[in-house]
Amino acid sequence: MSLKFSDEAQKKFENLLTRYPNKRAALLPVLHLAQEEFGGWVSPEAISYIAQLLGLTELDVYDTMSFYTMFYNQKMGRFVIEVCRTLSCEIMGASTVTEYLENKLGIKSGETTADGLFSIRNAECLGSCGTAPMMKVNDDFYENLTTQKLDKIIDLLKQKA
Ligand code: FES
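So the sequence shown is numbered by my numbering: it starts at 2 and just counts up by one.
Here it is, written out as C-alpha cells:
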C-alpha cells in the first residue's frame, strides 16, 4: 500500500486516538483527516488504509463514509458548491440557482469543471432555511442567492484560485 499519512497527519491521527474510547469511535475524525490529507476525497486506497489503521473492514469504513455527504468518494474541484435543494430553498428558487450555475460553469450537478476549480452538488437542508435559497462553498455559506450574486461569488472564487 503506497498511501500513508505525512508525519504531521500521523501525529494528528495518534492524538485523535487518545480522545476516543476505541479505534472505531475515531472513524469520523479520521475520515476527515484522511480527506484533508489525501487531496480532498477518500479514494478506495484511502478506505483500505483507514481500515488497516483502525482495525476495521473496508466495508465498515465505506458504510460510515457513504452515510455522510461531507465525505467525497471522487476527486472534487477546489471549490465544492453545494446547493441546498430542500423545501424552503426549493420554494425560493434552488432549481434556478442550480441551473444558472450549471450553465455558467458548463457542468451538470455532480460534475467537476475540466480545470478542477468547481464541483456542483445538491445538498440537503444546511440549516439556513430563513435565508433561502442558499448554498455552501467549502466551509462558507452564501445566502439569499440571486443570479447577480452568483456571478459575483463565482468571480470572487476565480480570483482566489
Ligand atoms: S431548506 Fe435550504 S437551508 Fe434549509
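Where is the CB? At the ideal position from N, CA and C, for every residue including glycine.
As the structure is a prediction and not an experimental result, all values here were calculated from the model.
- Counting C-beta atoms within 10 angstroms of its own C-beta, residue 86 has 16 or more neighbours from the protein chains shown and is therefore classed as buried.
- Taking every protein chain shown into account, the CB of residue 67 has fewer than 16 other CB atoms within 10 angstroms, so this residue is exposed.
- For residue 144, there is no enclosing alpha helix (DSSP H), since its DSSP letter is neither H nor E.
- For residue 80, DSSP records a beta bridge to 119.
- The alpha carbon of residue 9 has as its nearest neighbour, out of 24, 157 and 35, the alpha carbon of 35.
- The three-state reading of DSSP puts residue 136 in strand, counting E and B together.
- The residues 48, 51 and 52, in chain order, have a CB closer than 6 angstroms to that of residue 62 in the same chain once the five nearest residues on each side in sequence are set aside.
- A distance criterion of 6 angstroms places the beta-carbon of residue 133 in contact range of the ligand FES, judged by its closest non-hydrogen atom.
- Excluding the 5 residues flanking it on each side, residue 7 has same chain C-beta neighbours closer than 8 angstroms at 38, in chain order.
- Collapsing the DSSP output to three states places residue 124 in a strand.
- Put simply, the backbone Cα of residue 91 is about 10 angstroms away from that of residue 135.
- In the three-state scheme derived from DSSP, where H, G and I count as helix and E and B as strand, residue 99 is classed as helix.
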